[in-house]
Structure formats: structure tokens, C-alpha cells
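Each number in my numbering comes from the position in the sequence shown (counting from 1) with 481 added on.
Each residue gets a CB set at the ideal place from its N, CA and C atoms; glycine is no exception.
For clarity, every value in this text was computed on a predicted model and none was experimentally measured.
Report on the following structure.
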Amino acid sequence: MTELITTELIDIGVNLTDKRFRHDIDEVIARAKASRISAMLITGTSLESSRQAIALCKENPGYLYATTGIHPHDASSMSDHTMEELYKLSQQPGVVAIGETGLDFNRNFSTPEEQIAAFERQIDLAITTKLPLFLHDREATETQIKILKPVIRQLEGAVIHCFTGDKAALFGYLDLGLYIGITGWICDERRGLSLKALIKEIPHDRLLLETDAPYLLPRDLPIKPKKGRNEPVYLHHIARTIAQLRGITIEELSTQTTNNTKRLFNV
């Protein structure tokens with residue numbers, strides 16, 4: 482990157498345990514630091530990925546943080562043993578949220594019933610541990626809000642990770658007091674148009690930034706990486722797009738989203 486970057490950002494959603502980072506993870510982290518990404522949250526989606534995320538946090542204390550949870554795709558793997566292990570993992574240094582959990586009625590790799598059961602158990606875990614929820618939602622907003630609404634006051638907050646929903650979904654989650662995570666989806670000239678139209682509707686104290694790397698590489702990058710892999714280093718590109726759409730400076734956006742991240746995750 483040749484441009485001078487003076488603002489610091491926090492990436493709340495990075496899949497650093499993904500196999501696409503296997504051979505150069507140290508370089509990926511170094512590039513993030515050099516580009517003034519001041520902290521990153523590694524997404525845990527299974528027991529194994531959560532363990533790997535925690536191990537990375539121990540190697541990079543105060544810079545990397547982790548979530549620990551069972552993704553709705555893997556909800557069928559939920560058991561009493563799984564919950565016992567998740568609780569133990571949640572007590573490890575660097576763990577700041579329970580998740581990625583939630584519902585995905587698009588692919589249904591686990592049945593809706595299995596997803597709901599796993600989601601409710603992880604909500605209970607979040608309440609017990611006093612950790613916020615890191616949430617997934619795909620074509621399941623109505624059911625997810627129905628489950629969250631009775632327990633929302635018992636939770637220490639939550640974020641809808643990688644929000645791509647419509648206006649009704651956005652305001653449904655905002656009415657519950659949730660934070661909204663925005664990714665490079667907003668840089669997609671095909672799929673991101675509705676999100677661009679909604680971005681000003683997100684209150685400044687509810688907005689969070691993420692790459693969801695290695696997924697969702699911004700399509701409008703002027704120079705695309707040869708591997709086609711997203712990295713935290715591209716969070717600044719996403720932030721500039723959002724700042725422009727919201728009519729504020731990148732510095733203002735940085736301050737707002739950094740404060741929001743610290744407030745929700747206590748980092």
C-alpha cells in the first residue's frame with residue numbers, strides 16, 4: 482500500500498484460523514499492524530477454530546482477541562460436552578464474545594431445529610459468562626429477533642456480524658440495542674446497493690467495522706491481490722467507503738467505531 486494511512490481501525494471479524502492463512506499468517510498480522518489496524522477479533526466457529534483463535538491471542542496479547550462459539554452450520558454438533566468445552570474456552574484470556582452463533586435458514590447445513598437449540602444454549606452461555614454475542618443471520622431475522630427479544634436485557638450486548646439485511650431487519654436489530662457490523666459487502670456494486678442506501682440509518686454509536694477475511698474481498702479495490710483473498714489490511718478501504726457514504730471524515734468514523742468496539746467488547 483503506497484498511500485499514507487494515519488487513522489487507526491479495529492477489525493471485529495477476521496477468520497485468521499482459515500486454511501487460506503495457514504502459510505503466511507505472521508505476514509498477514511504484520512501487514513495489519515503496519516497499516517494501523519490497532520486490534521483484531523478472530524472469529525471462532527467451532528471448538529477447534531476457537532482453540533486455534535485463543536492460541537493466536539496468546540501469541541499476540543493485547544492485539545488479537547477471540548470469540549468462541551458454534552456456527553449455525555455446525556449446530557448439529559452441539560452437545561453437553563460441547564457446551565462444557567465452550568464454557569472453559571470462554572474463560573481463557575483474550576476471549577471477548579460468544580459466537581459466531583445465530584441462525585442460517587439459507588443453506589440449512591444443520592436443521593432449523595438444531596440451529597435454534599444451539600443458539601439458545603449459547604445465549605445462556607453469554608448470560609452466564611457476561612460476554613456479548615457475536616451473531617450470524619441469514620434469512621432468519623424474524624426468528625432470531627423473536628428468540629433474542631425476551632432475553633436482551635440479560636445480555637451484555639450483541640453485534641450482528643456482516644449485516645446484509647433490509648431496512649426492516651436493520652431497525653429490528655437496532656430496536657433491540659444491537660450493534661451492526663459492516664464488511665466489504667458495501668463495496669460490491671451488484672449486491673451492496675441496498676446496504677449503501679441504509680448505511681446512514683445506523684446510529685454512530687452502533688456501527689462496527691470488519692473485513693470477514695479471507696471472505697468478502699472488496700470488489701472495487703483499485704489493485705486486487707493475486708490470491709483473491711481478503712485481509713485486515715483492506716479495512717481502511719471499507720472504512721473510506723462508509724465514511725464517504727455517511728458524509729463524515731475517516732477520522733470521525735475511526736473514532737466512533739473504535740469507541741464502539743471498546744464499549745461492546747471491553748478491549
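With contacts defined by Cβ atoms closer than 8 Å, I608 and V632 form a contacting pair.
The beta carbon of I579 sits closer than 6 Å to those of G550, Q603, L606, A607, L612, L614, all from its chain and outside the five residues before and after it, given in chain order. Between the region 687–699 and the region 489–499 there are three or more inter-stretch CB-CB distances shorter than 8 Å, so the stretches are counted as touching.
In the DSSP annotation of this structure, the continuous segment of the beta strand (DSSP E) that includes F615 starts and ends at 614–619.
E565 carries a helical assignment under DSSP once its states are collapsed to helix, strand and coil. Taking all protein chains shown into account, D618 has 16 or more neighbouring C-beta atoms within 10 Å of its C-beta and is therefore buried. Going by beta carbons, Y544 and L522 fall outside the 8 Å limit. Annotation: the continuous beta strand (DSSP E) that includes A639 extends over 639–641. Under DSSP, no beta-bridge partner is assigned to V509. Proximity to Q573 across M559, C538, D561, E594 peaks at C538, based on C-alpha coordinates. Under the three-state reduction of DSSP, T487 is assigned to coil, being neither helix nor strand. S560 sits in coil when the DSSP states are folded into three classes, being neither helix nor strand. The residue among L528, E540, T526 with its C-alpha nearest the C-alpha of I506 is E540.
Residue pairing by DSSP places Y546 opposite L522 in a beta bridge.
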